[in-house]
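Heads up, the thing below is written out as structure tokens.
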Amino acid sequence: MPYSFLPRLEIHIAEHCNLNCQSCTHFSPIAEPEFLPVDEFEKDIKRMSELTDRIDDIHILGGEPLLNPDCIKYLEIAREYFPKSNIKLVTNGILLPSMTDFFYESLAKFNIILAPTKYPIKINWDKVQKKCKQFSVNLEFFNDSKVIKTSYKLTLDTKGTQNEKISFIKCSHANSCIQLKKGKIYTCCTAAYINHFNKYFKTNLCDDEYNGINIYKVNNIQEILEFIAHPIPLCKYCNVYKHLYGLKWKTSNKNIEEWI
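No gaps in the numbering here: position 119 of the sequence shown is 513 in our numbering, and each next residue is one more.
See below:
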């Protein structure tokens, strides 16, 4: 069933990452360095605000969003057009201890939730927490801060032999990991960023224009909600029966076997 509103929308402001987890569902380890132009971001956010005044959670992420030197500009723009939404900056946390006071002041000013994920790497979290307390920043760990991070693998079928309806119904990401990318809405991150996989491994896994819906060609938000609640061509390339969870976290070796 389609949602009656958008519960969550995710937007990359950087395609690449400085951590590069194995089997990353956003394909960040194999993505070329790229930042979303600020004017393109504003254009798309403005259009979304014309279509709806309700998006409960907006996640600004990547890749690693803190690699983008204009990170604060995107947060300010998102807050301008969606004053009532929970806007979260989702980060791996590596750069947080070195961020300036201006960064933390800006998070507080624009009422941005800082949402880092805790990985099994060394980060001075005490310093981060003190900065957040000093500048009254809302800090909410994206995962349970006491949990040891694990990985999961959304296994791809390079031959596209899966039943797209079954894949969609059984997929944990379908209609719940909603992405906004370059003027289009996608039902999941795999569909939005499969181009990185195809380019790096020289494959052609349904990098199809019909995997997303153009926000400038719809008349209302209901058309988007209806679209993301149904299978897309890429679903034939997602083998839900071989999705793996609870894997030991480690960094990527950039081997195709991490995704297939």
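Think of the CB as a built atom: it goes at the ideal place given N, C-alpha and C, for glycine as much as any other residue.
Just the Cα atoms here: how many angstroms apart are residue i and residue j?
i      : j      : result
His624 : Cys565 : 12 Å
Ile507 : Ile563 : 31 Å
Asn598 : Asn592 : 6 Å
Lys576 : Asn608 : 9 Å
Phe496 : Lys540 : 28 Å
Lys611 : Leu445 : 11 Å
Asn412 : Thr485 : 10 Å
Leu665 : His637 : Only positions 395 to 654 of the chain appear in this structure, which leaves residue 665 out of reach.
Gly640 : Phe476 : 35 Å
Phe429 : Pro459 : 9 Å
Ile452 : Arg473 : 10 Å
Glu651 : His590 : 15 Å
Phe529 : Cys600 : 46 Å
Under the rule that 16 or more other beta-carbon atoms within 10 Å means buried, what is residue i, buried or exposed?
i      : result
Met442 : buried
Asp520 : exposed
Pro463 : exposed
Gly606 : buried
Ser570 : exposed
Quickly, what does DSSP pair residue i with across the bridge? List them, please.
i      : result
His406 : Leu455
Lys482 : His453, Ile507
Phe429 : Ala408
Spatial neighbours of residue i within its chain, please: C-beta separation below 6 Å, excluding the five flanking residues on both sides.
i      : result
Arg448 : Phe399
Tyr655 : The structure shown does not extend to residue 655, since the chain spans only 395 to 654, so no value can be given for it.
Using C-beta distances below 8 Å, list every residue in its chain close to residue i, excluding the 5 sequence neighbours before and after it, in chain order.
i      : result
Lys440 : Tyr475
Ile618 : Leu400, Leu445, Ile579, Ile607, Ile609, Val612
Gln616 : Pro396
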